[in-house]
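Numbering (our numbering), first residue to last: 1167 to 1821. Here the structure comes first, spelled out in structure tokens, and everything after it is commentary.
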RNA sequence: GCGCCCGUAGCUCAACGGAUAGAGCAUCCGCCUUCUAAGCGGAUGGUUACAGGUUCGAGUCCUGUCGGGCGCGCCA
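What follows is the structure in structure tokens.
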């Protein structure tokens, strides 16, 4: 159950029943302080202002309704509802309600109390989107990690997510490469070669205007190559080149002859295959980050190539197109550039080449028309916000983006260098993603070997991988995505405080308690949220056999007791309320696309557990208390595991 | 010049217009003969850049100033 929603609704009803207009929000939030109960409703004060009545008196009338039974009553879940301060309504949940809800969550291993959305949507999540021809670097981290989290959270709430990795496989950087292989003999075998080639091509592009022009023309030619008719093969071209050198280009230009782009396309395809493979290994769990993206999700710029002329034609039909300085542009009145001049949205260059504006428009049409998206999320650097504002506006004006389809730019801050300036991607000096991950694992391995030298090396390696990658992801996800951040090894790989290892540690501790409880009763606790494999699958399986073995009676007895969580101690209560807030947390992450809400929640939850851990012995308690606390442990572990899983972070059984 | 974002503890960051602005790191003091000390408890640390305004109530909304980042016609 989404507690906050339930309270919001009921308080709203009660407000209406007390004579408050229905458009006054209840404004329910978790209480700022323990003395204010579990939740506070702040809406009455504003309503009283509107009605020009005494806010406290009005709040009392609302509370009166809340105390009654029926649709505007909270008697089933609250043990105390009171007016405080100038007109706050403070709500304290009853222990009985909490116990009931915890039992329900415990019985719902998959969702842990979260309910599917009433209106499931098809959500396209556009994320990662590296430029091919270059190896992925730390600048690609945020989009990949944040997008991946959203791609996990939304399906958890019953939405259908279609991942789209809009890789850069078509733009000017490819023109550069293809123009470059026209001047040099070059056939890269791996990404290393390709990257060297790219660096050389880039340097030539930046320093040689003629080459730059040729590269741009190459893009335009490539994009419109189907329209051309005269071709020669690249082999022929090379042969001719050897024979005639300087004369050749003039000759070709004079007669409008191009290289056979089918061959060029083969080169292009080879480059893509090489770089894409490397990207996929960065995405893979085995070698890299462990994100959901796979080759099926790759849908790069080139995918839309055939549709680009249509996009421009349709814009023309819609009367949106204007030619300006030889380029095809859309001018919308709300966008102004320098000196108040209208700001163009250029869809076709004067050399007839298309741009990412065109590609993005084609992508919107595809996502709306073919993928049937109800919501489209673009997890892209904040610096592109103007582009997306224009894109959505133009797409709307052209009828590509219906009003009921939400397109959102999920902007994130720039990765800054230690000098406070943005990391430069073009002139080198970047940290490769694979190197970052390796370093993370090494640091984690050092630490785990220090803390737990008795564990076998293989296990320490596994732990290091999970902890290291988790730390990298968590460092990013726990931060408000809209702010810039300075890249720092120490910060990113920190393993203390509000970090993934803290959460993983909390989890491991709980599992350790459960393990010990299981041993003493001849039963391993039921594996929860079981679809996520852990490094200790083997161990769990061994104990799992025990459960079906000779100790069946004990196991059954434990299972019977398991549902009965009894809340008596304050620390138990605090933990219980936190657990019940899992559904509403996930909901707000999905609504606002803010993974840091989930991190903050998990940190609170872990904190609540630590408090419980310190003050409420589990294994030493007896009878029903022991069973209750054990169940509370299981549930906490399940929520932590699921929460981390939604962040894309794995748990381990020991660390 | 115009536009967007930002300015909160020494550092890194939180805080649907709500009550006495919170964490982590760092510093200092305690806690391993009791379920993992990657932990827990406590202390120190703030005129939320500045000045006005809106209102029952402002870190949050509005205006201005200062400071920083980014963007603004054929790159993505």
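Built from N, CA and C at the ideal position, the CB exists for glycine as well. None of the values given here were measured: they were computed from a predicted structure.
Using alpha carbons as the reference points, say which of the options lies closest to residue i.
i: residue 1567; options: 1533, 1514 and 1551; result: 1533
i: residue 1379; options: 1441, 1516 and 1574; result: 1516
i: residue 1575; options: 1309, 1376 and 1508; result: 1309
i: residue 1281; options: 1465, 1618, 1236 and 1171; result: 1171
i: residue 1457; options: 1311, 1758, 1552 and 1546; result: 1311
i: residue 1548; options: 1521, 1647, 1385 and 1527; result: 1647
i: residue 1520; options: 1476, 1499 and 1484; result: 1476
i: residue 1512; options: 1242, 1497, 1559 and 1359; result: 1497
i: residue 1366; options: 1300, 1337 and 1305; result: 1300
i: residue 1209; options: 1231, 1453, 1223 and 1178; result: 1178
i: residue 1455; options: 1731, 1607 and 1783; result: 1607
i: residue 1680; options: 1802, 1613 and 1265; result: 1802
i: residue 1314; options: 1207, 1236 and 1460; result: 1460
i: residue 1250; options: 1198, 1602 and 1643; result: 1198
i: residue 1540; options: 1637, 1288 and 1510; result: 1288
i: residue 1527; options: 1437, 1639 and 1553; result: 1553
Between the alpha carbons of residue i and residue j, how many angstroms are there, rounded?
i: residue 1675; j: residue 1818; result: 10 Å
i: residue 1752; j: residue 1777; result: 23 Å
i: residue 1596; j: residue 1371; result: 20 Å
i: residue 1739; j: residue 1795; result: 11 Å
i: residue 1279; j: residue 1756; result: 16 Å
i: residue 1377; j: residue 1331; result: 30 Å
i: residue 1362; j: residue 1742; result: 56 Å
i: residue 1182; j: residue 1508; result: 49 Å
i: residue 1188; j: residue 1733; result: 36 Å
i: residue 1781; j: residue 1737; result: 7 Å
i: residue 1140; j: residue 1252; result: The first residue shown for the chain is 1167 and the last is 1821, placing residue 1140 beyond what the model contains.
i: residue 1368; j: residue 1387; result: 19 Å
i: residue 1215; j: residue 1190; result: 11 Å
i: residue 1721; j: residue 1797; result: Only weak support is given to the placement of residue 1721: the predicted model assigns it a pLDDT of 43, under 50, and the value that follows is read from those uncertain coordinates. Roughly 14 Å separates the two Cα atoms.
i: residue 1329; j: residue 1317; result: 7 Å
i: residue 1383; j: residue 1341; result: 8 Å
i: residue 1538; j: residue 1494; result: 29 Å
i: residue 1706; j: residue 1326; result: Residue confidence for residue 1706 is low, a pLDDT of 37 falling below 50, so the modelled location carries little weight and cannot support an answer.
i: residue 1222; j: residue 1185; result: 14 Å
i: residue 1226; j: residue 1611; result: 59 Å
i: residue 1228; j: residue 1180; result: 6 Å
i: residue 1557; j: residue 1335; result: 20 Å
i: residue 1307; j: residue 1333; result: 14 Å
i: residue 1207; j: residue 1239; result: 14 Å
i: residue 1364; j: residue 1268; result: 57 Å
What is the DSSP secondary structure of residue i, reduced to helix, strand or coil?
i: residue 1553; result: helix
i: residue 1908; result: In the structure displayed, the chain extends from 1167 to 1821; residue 1908 sits before or after that span and is not available.
i: residue 1734; result: coil
i: residue 1538; result: coil
i: residue 1709; result: For residue 1709, the pLDDT reaches just 39, beneath the cut-off of 50, and the residue's location in the model is therefore unreliable, although a value from the coordinates is still provided. Here residue 1709 sits in helix by DSSP.
i: residue 1490; result: strand
i: residue 1511; result: strand
i: residue 1782; result: coil
i: residue 1306; result: helix
i: residue 1297; result: strand
i: residue 1362; result: helix
i: residue 1566; result: coil
i: residue 1376; result: helix
In the DSSP assignment, what are the bridge partners of residue i?
i: residue 1485; result: Its beta-bridge partners do not exist; DSSP assigns none.
i: residue 1574; result: 1543
i: residue 1385; result: Paired residues: none, contrary to the question.
i: residue 1461; result: For residue 1461, which the question treats as bridged, DSSP gives no partner whatsoever.
i: residue 1292; result: 1330 and 1544
i: residue 1671; result: According to DSSP, which records beta bridges pairwise, residue 1671 is partnered with nothing at all.
i: residue 1195; result: 1206
i: residue 1651; result: 1581
i: residue 1248; result: 1256
i: residue 1495; result: 1488 and 1512
i: residue 1558; result: Residue 1558 is not bridged to any residue.
i: residue 1598; result: 1303
i: residue 1215; result: DSSP lists no partner for residue 1215.
For the ligand COA, is there a heavy atom less than 7 Å away from the beta-carbon of residue i?
i: residue 1498; result: Of ligands this structure carries none, so the ligand COA is not represented either.
- Three or more C-beta pairs below 8 Å linking the segment 1662-1676 and the segment 1629-1643: yes
- Item | Cβ contact check for the segment 1196-1210 and the segment 1239-1254: 3 or more pairs under 8 Å | yes
- Message: Can you confirm whether the segment 1655-1662 touches the segment 1798-1816 when touching is taken to mean that 3 or more C-beta pairs between the two stretches lie within less than 8 Å?
- Response: no
- Message: Assess contact between the segment 1256-1267 and the segment 1285-1304, defined as three or more Cβ pairs (one per stretch) separated by less than 8 Å. Is contact present?
- Response: no
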